[in-house]
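J.: Numbering (our numbering), first residue to last: 39 to 323. One structure is given below, represented as structure tokens, and several questions about it will come after.
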């Protein structure tokens, strides 16, 4: 995350932050509208990620204000980087808990809880690395627009953790959904959960920009990565709700407040899979 020096760069960064954040926040609001009667841990993680995103937007405006005191700009820099990590990892935890919520296997649920602890640990390590690297070399704090030069080791750890975590979020639900007899439904749900790969792609672009000194593009890709992470964690809820509404229209079902209930478990033992649609597409009135 580099190059805060140009006013043009500041403007493009702020515009990207506002536009992308608005889309991400709207998807969360719609998700909460769908899930309003049965909020769970995954929804809580999405709410937390959204609140942190709002804090990041505020920090962006504060850091772009040249009239701020040096100490304030240093604090907002730290806030921007910390919120960058917090948004991404809380969004990943939201996806993970969405999977955990619909998985009937006690063994897999314990495994997923372990993965959640690993995700949280990765977030703490990234934040600790930030202070470890930046406080050991405080010269950057004297700059007009203070920004810590993160080491290559920090960037590599960020990339590796991104790839491993997103791969986990793709593989785990694919295993869960593999036994569905309805191939069309299985394919749609697999595609929905596989959208995690979009976050990985943006992460690669972001890291590439950092390593090549991409300037303002680094800031833009960081904001985009945050917002895409939040949007992706809402996709399993929002898109499947849309598919449910389409099914209602196609089959002329009653349309009185029918919403997706993505909180029922899936049987993966090969028995009763002909009822899987009702488990995934259950409605509340």
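Glycine is no exception: its CB is placed at the ideal position from the N, C-alpha and C atoms. It should be emphasised that the depicted structure is a prediction, and the values quoted were computed from it without experimental measurement.
#1: Residue 115 and residue 167: beta carbons closer than 9 angstroms?
#2: Could you compute how far the alpha carbon of residue 182 sits from the alpha carbon of residue 171?
#3: When we look at the beta-carbon of residue 180 and count the other beta-carbons within 10 Å, is it buried (16 or more) or exposed?
#4: What's the call for residue 216, buried or exposed, on a 16-neighbour Cβ count within 10 Å?
#5: Check the Cβ-Cβ distances between residue 221 and every residue of chain D, and say whether any is below 9 angstroms.
#6: Given this structure, state the Cα-to-Cα distance separating residue 71 from residue 174, to the nearest angstrom.
#7: Looking at C-alpha atoms only, which residue of 155, 119, 76 and 146 is the closest neighbour of residue 131?
#8: So what's residue 178 in DSSP terms, helix, strand or just coil?
#9: Could you give the C-beta distance for residue 193 and residue 249, rounded to a whole number, given that I count them as a contact under 8 angstroms?
#10: With a Cβ-Cβ cutoff of 9 angstroms, do residue 274 and residue 208 count as a contact?
#11: Where do the N-terminal and C-terminal ends of the alpha helix (DSSP H) with residue 75 fall, by residue?
#12: Would you say the stretch 256 to 273 touches the stretch 122 to 142, given that touching needs at least three Cβ pairs under 8 angstroms?
#13: Can you tell me which of 137, 119, 227 and 233 puts its alpha carbon nearest to the alpha carbon of residue 188?
#14: If you drop the 5 nearest sequence neighbours on each side, which residues of the same chain put their C-beta closer than 8 angstroms to that of residue 334?
#15: Would you report the Cα separation of residue 99 and residue 52, rounded to the nearest angstrom?
#16: For the candidate residues 210, 84, 123 and 205, whose alpha-carbon lies nearest to that of residue 65?
#17: Does the distance from the CB of residue 227 to the CB of residue 278 come in under 9 angstroms?
#18: With DSSP as the reference, label residue 142 as helix, strand or coil.
T.: On the basis of the supplied data:
#1: no
#2: 20 angstroms
#3: exposed
#4: exposed
#5: Absent here is chain D; the protein component of the structure consists of one chain.
#6: 46 angstroms
#7: 155
#8: helix
#9: 7 angstroms
#10: no
#11: Looking at the DSSP string, residue 75 is not in any alpha helix (DSSP H), and its letter there is neither H nor E.
#12: yes
#13: 119
#14: There is simply no residue 334 to check, as the chain begins at 39 and stops at 323 in what is shown.
#15: 7 angstroms
#16: 84
#17: yes
#18: coil
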